[in-house]
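Read through the structure below, which is laid out as structure tokens, and then see the notes.
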Amino acid sequence: MVHVCKDYEEKSLQEEKYRIIKINVIAYFVTVYGSAICFIGEGLRKMFEGSHFVTVVTYYPSFEDDSFQAALFRIYNTIVLFMMLMTMIMSVDTFTMVNLIMFKYKIITLRKYFEKLNDDFNKINETGDTRLAAETLKNGLIEGFKMHVELVR
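Each residue of the sequence shown is one higher than the one before, counting from 1 in full-length UniProt numbering.
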């Protein structure tokens, strides 16, 4: 996807794309890690208040069991769950988000390409050289369609 429309990309659009991707990834990291830290903090707070460590698996071996082994098991399960979630979130979700943002800007670049092609066609057509205008439009449309096919593939 990176190479599609590469010859027609504008520097300002690239800088905006980079800025938007950076903002989204940072916000995503803050949200994901912030919620995970709050979840663990709440579990620790409950544990220090006398309740057992609150986690997804709170009923092993029974809900009332506040023994050291049960707390250790619950903390271990929370850490394993946390590691699996972070791996999934950072690999799958972040890459998906970045690809969608890149796809959006590639579509914008393609739209601008077709708008410029239309302007070029109109300028050439105004001079009266309809054959050159038609040839320019034909070649431009073929190239644009090829870029579009590559982009949505």
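Every residue gets a Cβ at the ideal spot worked out from N, C-alpha and C, and that includes glycine.
message: Quick check on the DSSP output: what are the complete beta strand (DSSP E) runs of length 3 or more inside the segment 88–145, in order along the chain?
response: none
- prompt: Count the other CB atoms within 10 Å of the CB of Met84; is the residue buried (16 or more) or exposed (fewer)?
  reply: The residue given as residue 84 occupies position 84 in the sequence shown. Counting Cβ neighbours within 10 Å, Met84 comes out exposed, since fewer than 16 surround it.
message: Checking 9 Å against the spacing of the C-beta atoms, do Phe82 and Ala36 come in under that value?
response: By 1-based counting over the sequence shown, the position of residue 82 is 82. By 1-based counting over the sequence shown, the position of residue 36 is 36. In contact: Phe82 and Ala36 (Cβ atoms closer than 9 Å).
message: If I follow the unbroken alpha helix (DSSP H) through Ser51, where does it start and stop?
response: The residue given as residue 51 occupies position 51 in the sequence shown. Run containing Ser51: none; DSSP gives neither H nor E here.
task: Return the Cβ separation of Lys106 and Val4 in integer angstroms, given the expectation that the two are a contact with Cβ distance under 8 Å.
output: Start at 1 with the first residue of the sequence shown, and residue 106 comes out as number 106. Start at 1 with the first residue of the sequence shown, and residue 4 comes out as number 4. Indeed they touch by this definition, with Cβ atoms about 6 Å apart.
- request: Assuming Tyr8 and Thr109 form a contact by the criterion Cβ under 8 Å, report the distance between their Cβ atoms to the nearest whole angstrom.
  value: For the purposes of this step, residue 8 is identified with residue 8 of the sequence shown, where counting begins at 1. For the purposes of this step, residue 109 is identified with residue 109 of the sequence shown, where counting begins at 1. That pair is a contact at about 6 Å.
Environment of Met88 [buried if 16+ CB atoms lie within 10 Å]: In the sequence shown, residue 88 corresponds to position 88, counting from 1. With fewer than 16 Cβ atoms within 10 Å of its Cβ, Met88 is classed as exposed.
Reduced DSSP secondary structure (H/G/I, E/B, other) of Arg45: The residue labelled residue 45 in the question sits at position 45 within the sequence shown. Arg45 falls in the helix class under three-state DSSP.
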